[in-house]
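Chemist:
There are 2 protein chains.
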Amino acid sequence: MTTIIDVAKKAGVSFKTVSRVLNGEAGVREKTRENVLNVATELNYQPNSSARNLRAKTLPTVALLGDNPSRSFVEAMRLGAIMGCKRMGYNLKVENLLNKDTIEGLLSQEDIVGAVLAPPLSNSQWVLDYLNNQNIPYVRICAEQVSNEGHKIGIDDRAAARDMTQHLIDLGHKRIGFIKGHSGYDVSRRRVVGYKDAMDNSGIEIDHNLIVEGEFSYVSGLVAAEKLLAQPDRPTAIFASNDDMAAATLAVAYKYGISVPDQLSIAGFDDSPIAKIVHPGLTTIRQAVSVMAEKAIDILAQKIIHKDGLLEDVELLHELVERASTAPMKSVS
Amino acid sequence: MTTIIDVAKKAGVSFKTVSRVLNGEAGVREKTRENVLNVATELNYQPNSSARNLRAKTLPTVALLGDNPSRSFVEAMRLGAIMGCKRMGYNLKVENLLNKDTIEGLLSQEDIVGAVLAPPLSNSQWVLDYLNNQNIPYVRICAEQVSNEGHKIGIDDRAAARDMTQHLIDLGHKRIGFIKGHSGYDVSRRRVVGYKDAMDNSGIEIDHNLIVEGEFSYVSGLVAAEKLLAQPDRPTAIFASNDDMAAATLAVAYKYGISVPDQLSIAGFDDSPIAKIVHPGLTTIRQAVSVMAEKAIDILAQKIIHKDGLLEDVELLHELVERASTAPMKSVS
DNA sequence: TCAATAATTGACAACGTTGTCTCTTTCGTA
DNA sequence: TACGAAAGAGACAACGTTGTCAATTATTGA
Numbered sequence: 000m001t002t003i004i005d006v007a008k009k010a011g012v013s014f015k016t017v018s019r020v021l022n023g024e025a026g027v028r029e030k031t032r033e034n035v036l037n038v039a040t041e042l043n044y045q046p047n048s049s050a051r052n053l054r055a056k057t058l059p060t061v062a063l064l065g066d067n068p069s070r071s072f073v074e075a076m077r078l079g080a081i082m083g084c085k086r087m088g089y090n091l092k093v094e095n096l097l098n099k100d101t102i103e104g105l106l107s108q109e110d111i112v113g114a115v116l117a118p119p120l121s122n123s124q125w126v127l128d129y130l131n132n133q134n135i136p137y138v139r140i141c142a143e144q145v146s147n148e149g150h151k152i153g154i155d156d157r158a159a160a161r162d163m164t165q166h167l168i169d170l171g172h173k174r175i176g177f178i179k180g181h182s183g184y185d186v187s188r189r190r191v192v193g194y195k196d197a198m199d200n201s202g203i204e205i206d207h208n209l210i211v212e213g214e215f216s217y218v219s220g221l222v223a224a225e226k227l228l229a230q231p232d233r234p235t236a237i238f239a240s241n242d243d244m245a246a247a248t249l250a251v252a253y254k255y256g257i258s259v260p261d262q263l264s265i266a267g268f269d270d271s272p273i274a275k276i277v278h279p280g281l282t283t284i285r286q287a288v289s290v291m292a293e294k295a296i297d298i299l300a301q302k303i304i305h306k307d308g309l310l311e312d313v314e315l316l317h318e319l320v321e322r323a324s325t326a327p328m329k330s331v332s
Numbered sequence: 000m001t002t003i004i005d006v007a008k009k010a011g012v013s014f015k016t017v018s019r020v021l022n023g024e025a026g027v028r029e030k031t032r033e034n035v036l037n038v039a040t041e042l043n044y045q046p047n048s049s050a051r052n053l054r055a056k057t058l059p060t061v062a063l064l065g066d067n068p069s070r071s072f073v074e075a076m077r078l079g080a081i082m083g084c085k086r087m088g089y090n091l092k093v094e095n096l097l098n099k100d101t102i103e104g105l106l107s108q109e110d111i112v113g114a115v116l117a118p119p120l121s122n123s124q125w126v127l128d129y130l131n132n133q134n135i136p137y138v139r140i141c142a143e144q145v146s147n148e149g150h151k152i153g154i155d156d157r158a159a160a161r162d163m164t165q166h167l168i169d170l171g172h173k174r175i176g177f178i179k180g181h182s183g184y185d186v187s188r189r190r191v192v193g194y195k196d197a198m199d200n201s202g203i204e205i206d207h208n209l210i211v212e213g214e215f216s217y218v219s220g221l222v223a224a225e226k227l228l229a230q231p232d233r234p235t236a237i238f239a240s241n242d243d244m245a246a247a248t249l250a251v252a253y254k255y256g257i258s259v260p261d262q263l264s265i266a267g268f269d270d271s272p273i274a275k276i277v278h279p280g281l282t283t284i285r286q287a288v289s290v291m292a293e294k295a296i297d298i299l300a301q302k303i304i305h306k307d308g309l310l311e312d313v314e315l316l317h318e319l320v321e322r323a324s325t326a327p328m329k330s331v332s
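Residue numbers (numbering that gives the first Met the number 0), protein chains in the order written: chain A, 0 to 332; chain B, 0 to 332.
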């Protein structure tokens with residue numbers, strides 16, 4: 000493990016000066032600061048949180064900003080952030096209220112050294128502007144691919160949705176229904192695109208009656224599934240943009256006496272707890288949300304310490320989890 | 000905050016001796032040990048985990064033993080334990096394999112300083128015997144009230160079930176179905192008793208056709224709910240022993256076109272994530288499982304440090320969370 | 001009883017960081 | 001050029017614990 004002292008030796012300054020640089024304290028010549036940061040990056044210095052906690056009376060604070068209709072998403076997020084901050088020796092402030100004044104008020108506080116942006120804030124231009132302006136390092140979770148400000152962390156939603164759709168196609172399905180997510184989230188858009196990709200690739204014509212609106216909640220899933228399953232020529236498979244809506248689809252199927260997966264395959268997205276609870280278990284895409292949040296804190300720490308070193312975005316791998324809710328299509332006999 | 004040094008001063012020994020006592024190291028005269036422990040208890044000494052982590056190369060280890068059909072229960076448990084251990088400066092070893100050899104092998108390892116027992120192990124006599132024998136401190140979670148070995152932590156399941164049943168009665172329900180939990184768990188027994196208590200108190204005769212077997216899983220809930228709702232004179236309310244089974248009941252009701260809560264009230268137990276996801280949201284009993292586990296680590300630390308001080312069991316409060324799945328009974332018009 | 005040995009206890013360093021205070025350098029101004 | 005002020009950098013203590021090794025006390029055997 001490399002310590003402040005190692006960095007100090009290599010940089011040819013006292014360890015106290017290094018400490019000052021790493022905590023963004025004033026009173027260090029710009030040239031010295033840069034030099035120290037370079038060495039710290041080179042040696043891949045990581046602060047020791049125990050020492051920091053032991054000695055410091057107040058800890059530098061990181062803000063976690065964002066909200067989501069899915070309860071489990073929010074909690075996983077918060078959990079990961081807490082763990083990360085514990086490990087790195089930061090305080091955490093969580094803010095779910097998303098109006099401009101609240102956020103800017105929070106961020107203007109002296110001791111905020113960085114921010115993690117969860118959806119939908121990770122795509123909110125005014126937040127990015129404000130942070131850039133204030134020169135506060137930040138990490139964006141599940142952010143839009145297009146914008147290239149700040150670091151992003153997340154999975155490739157488009158590829159994941161494509162994979163799942165392809166999986167259903169491989170099982171022999173052609174009439175595949177799709178339930179969209181909340182239109183305020185960019186992931187929703189990306190998942191539709193992935194679905195269309197796979198359909199196009201396989202040369203299956205897209206029936207727009209099979210693509211219905213949803214907004215990530217269970218209730219919206221009920222409505223959407225009703226729309227899909229009430230059709231005379233109903234789909235043989237349904238891919239919902241998250242697990243809550245997939246579970247709702249399961250309930251609707253149950254109501255109509257449609258057996259899953261024999262007469263209908265259902266797939267979800269997220270691998271949230273509900274996917275394992277319902278029967279049959281949901282085939283879904285696993286994305287480790289809490290891991291993502293924890294990783295975000297790590298990256299943020301890198302940015303705080305190493306300034307502009309390491310400019311790569313992190314793309315976590317997704318995983319298709321196959322459970323009992325999908326099955327090969329029964330041949331029309 | 001009181002430190003080792005405070006304890007040392009008051010006990011009239013060096014702080015190193017105190018450290019030795021608190022870590023159960025050998026080479027301390029029995030009389031000295033007792034004296035130090037008394038003083039530590041008196042001053043309510045709590046170790047500083049940061050200092051411990053900073054200095055120690057190896058940390059004392061605590062074992063978490065148990066398993067449960069409910070995934071969310073297990074994970075909340077583990078989470079709480081991890082947090083507690085982080086805070087108190089312990090390592091955590093989790094073991095879900097419950098055969099005798101595995102457990103005894105784990106516990107015989109040198110560095111295990113204490114154990115947390117989750118159901119069903121918290122009521123397993125041979126484990127208790129073994130731990131008593133080895134003189135390893137332990138805490139039992141959701142343990143049977145009868146046995147009085149070791150510390151117990153949990154809610155009053157009987158009272159909680161009674162409260163929920165009473166809640167349904169207060170809403171005007173008389174034909175209240177009950178879905179039991181897995182028979183291998185003592186909490187299952189206690190919840191039935193609570194149900195019967197409330198029915199008796201209100202002078203409602205218990206119809207044994209309305210009490211059906213379940214085993215905590217979603218699937219078993221589907222089966223049980225079918226049994227209850229297929230009856231000609233079906234219940235107007237159903238109380239399931241956990242949320243997974245309550246959610247399953249909701250699905251069955253949906254299938255039969257029985258509207259919840261208009262024609263049927265449904266209540267669960269645990270306030271697990273699914274209770275907030277399904278529609279309508281489940282009225283349920285909140286018990287903070289992860290808090291329980293974290294508290295268990297605290298108590299364990301007390302026992303490790305203060306030996307036999309503080310002999311009281313901890314009974315956490317439960318809370319009836321009212322959501323949309325229960326409603327006053329419609330008058331028969 | 002007295003030395004030899006074992007058991008018990010203590011003194012002090014070390015872990016990696018931040019806080020406080022002092023010393024040095026730089027810069028602007030007379 | 002010289003002086004004073006301000007900015008920059010360093011020395012050292014401190015946080016609460018455990019590790020190492022030395023010092024003290026108790027116990028044993030002849």
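Using N, Cα and C, we set each Cβ at its ideal position, and we do this for glycine too.
Source: prediction; values computed, not measured.
By alpha-carbon positions, which one of A159(A), R322(A), P231(A) ends up nearest to A197(A)?
Modeler: Here residue 197(A) is taken as the residue at index 198 of the first sequence, counted from 1. Selected option, being the one with the closest Cα: A159(A).
Chemist: According to DSSP, is E204(B) helix, strand or coil?
Modeler: Here residue 204(B) corresponds to residue number 205 of the second sequence, with the count starting at 1. In this structure, E204(B) counts as coil in the three-state DSSP scheme.
Chemist: Is any beta-carbon of chain A found at less than 8 angstroms from that of P272(B)?
Modeler: Locating residue 272(B) in the second sequence gives position 273, counting from the first residue. P272(B) counts as touching chain A.
Chemist: Is the distance from the Cβ of G180(A) to the Cβ of V186(A) below 8 angstroms?
Modeler: By one-based count along the first sequence, residue 180(A) stands at place 181. By one-based count along the first sequence, residue 186(A) stands at place 187. In contact: G180(A) and V186(A) (Cβ atoms closer than 8 angstroms).
Chemist: Note down, one range per segment and in chain order, each alpha helix (DSSP H) of at least 4 residues found wholly within the segment 141-197 of chain B.
Modeler: DSSP runs (the alpha helix (DSSP H)) wholly in the segment 141-197 of chain B: 156-169.
Chemist: Going along the segment 34-63 of chain A in order, which residues come within less than 9 angstroms of chain B, judged by CB to CB distance?
Modeler: Against chain B - using a Cβ distance shorter than 9 angstroms - the residues of the segment 34-63 of chain A are N47, S48, S49, A50, R51, N52, L53, R54.
Chemist: Per DSSP, A39(B) is paired with what?
Modeler: Indexing the second sequence from 1 puts residue 39(B) at position 40. According to DSSP, A39(B) bridges with nothing at all.
Chemist: Is any beta-carbon of chain B found at less than 8 angstroms from that of V218(A)?
Modeler: Taking the first residue of the first sequence as 1, we reach residue 218(A) at position 219. Yes, contact with chain B.
Chemist: In the DSSP assignment, what residue or residues form a beta bridge with R285(A)?
Modeler: Position 286 of the first sequence holds residue 285(A). D269(A), E318(A).
Chemist: Would you say L116(A) faces chain B, with C-beta separation under 8 angstroms as the test?
Modeler: Stepping through the first sequence from its first residue, residue 116(A) is reached at position 117. No, L116(A) does not count as interfacial toward chain B.
Chemist: Determine, for A75(A), whether the minimum Cβ-Cβ distance to residues of chain B falls below 8 angstroms.
Modeler: The sequence position of residue 75(A) within the first sequence is 76, counting from 1. Cβ-Cβ to chain B under 8 angstroms: no for A75(A).
Chemist: Can you pull the DSSP bridge partners for A114(B)?
Modeler: Reading the second sequence from its first residue, position 115 is the one you call residue 114(B). For A114(B), which the question treats as bridged, DSSP gives the partners A62(B), Y137(B).
Chemist: With A239(B) as the anchor, note down where its beta strand (DSSP E) starts and where it stops.
Modeler: On the second sequence, residue 239(B) is found 240 positions in, with the first residue counted as 1. Per DSSP, A239(B) belongs to the beta strand (DSSP E) from 236-239.
Chemist: Which stretch, first to last residue, makes up the alpha helix (DSSP H) that contains K9(A)?
Modeler: One-based indexing of the first sequence puts residue 9(A) at position 10. Segment 3-10, the alpha helix (DSSP H) holding K9(A).
Chemist: Quick one: grab the DSSP three-state call for V259(B).
Modeler: Translated into positions along the second sequence, residue 259(B) becomes position 260. Three-state DSSP puts V259(B) in coil, outside helix and strand.
Chemist: Beta-carbon of H181(A) versus every beta-carbon of chain B: anything under 8 angstroms?
Modeler: Here residue 181(A) refers to the residue found at position 182 of the first sequence. By this cut-off, H181(A) is not an interface position.
Chemist: Could you give the distance in angstroms between the alpha-carbon of K302(A) and the alpha-carbon of I4(A)?
Modeler: As a first step, residue 302(A) is located in the first sequence; it is residue number 303 there, counting from the start. As a first step, residue 4(A) is located in the first sequence; it is residue number 5 there, counting from the start. Those two C-alpha atoms are separated by around 20 angstroms.
Chemist: Can you tell me where the beta strand (DSSP E) holding L91(A) begins and where it ends?
Modeler: Counting from one through the first sequence, the residue named residue 91(A) turns up at place 92. First-last of the beta strand (DSSP E) with L91(A): 90-94.
Chemist: Would you say L120(B) and L105(B) are within 8 angstroms of each other, going by their C-beta atoms?
Modeler: Sequence index remark: in the second sequence, residue 120(B) carries index 121 (1-based). Sequence index remark: in the second sequence, residue 105(B) carries index 106 (1-based). Contact flag unset, no.
Chemist: With which residues is I210(B) paired in a DSSP beta bridge?
Modeler: Taking the first residue of the second sequence as position 1, residue 210(B) is located at position 211. Looking at the DSSP assignment, I210(B) forms a beta bridge with F177(B).
Chemist: To which residues does DSSP link S264(A) through a beta bridge?
Modeler: On the first sequence, residue 264(A) is found 265 positions in, with the first residue counted as 1. S264(A) pairs with A236(A).
Chemist: Might you give, ordered along the chain, the residues of its own chain that have their beta carbon closer than 8 angstroms to the beta carbon of L315(A), omitting 5 neighbours on each side?
Modeler: Residue 315(A) sits at position 316 when you count from the first residue of the first sequence. I152, G153, I154, Q286, A287, V290, M291, K294, listed in sequence order.
Chemist: Which residues in the same chain as N43(B) place their Cβ atom closer than 8 angstroms to its Cβ, once the five residues preceding and following it in sequence are excluded?
Modeler: Taking the first residue of the second sequence as position 1, residue 43(B) is located at position 44. So the list reads T1, once near-sequence residues are dropped.
Chemist: Which chain A residues are close to K294(B), counting only those with a beta carbon under 7 angstroms from its beta carbon?
Modeler: Counting from 1 along the second sequence, the entry for residue 294(B) is found at position 295. Per Cβ cutoff of 7 angstroms: no residues; K294(B) is ~18 angstroms from chain A at best.
Chemist: Using a C-beta to C-beta distance shorter than 7 angstroms, which residues of chain A count as neighbours of T71(B)?
Modeler: Working through the second sequence from its first residue, we reach residue 71(B) at position 72. One detail in the question is off: residue 71(B) reads as Ser in this sequence, not Thr. Per Cβ cutoff of 7 angstroms: P272.
Chemist: Using DSSP's beta-bridge definition, name the partner residues of V313(A).
Modeler: Position 314 of the first sequence, counted from the first residue, corresponds to residue 313(A). DSSP output for V313(A) lists I152(A) as bridge partner(s).
Chemist: Taking C-beta pairs closer than 7 angstroms, name the residues in chain A that K85(B) reaches, listed in chain order.
Modeler: Position 86 of the second sequence holds residue 85(B). Under the 7 angstroms cutoff, chain A gives K85.
Chemist: Do we get a CB-CB distance below 8 angstroms when we pair Y184(B) with the residues of chain A?
Modeler: Indexing the second sequence from 1 puts residue 184(B) at position 185. Y184(B) does not count as touching chain A.
Chemist: Closer than 9 angstroms between beta carbons: that is the criterion. Which residues of the segment 244-265 of chain B meet it against chain A?
Modeler: Answer in chain order: A246, A247, L249, A250, V251, Y253, K254, Y255, G256.
Chemist: Going by DSSP, what residue range makes up the alpha helix (DSSP H) through E103(A)?
Modeler: The sequence position of residue 103(A) within the first sequence is 104, counting from 1. Counting along the chain, the alpha helix (DSSP H) containing E103(A) begins and ends at 99-106.
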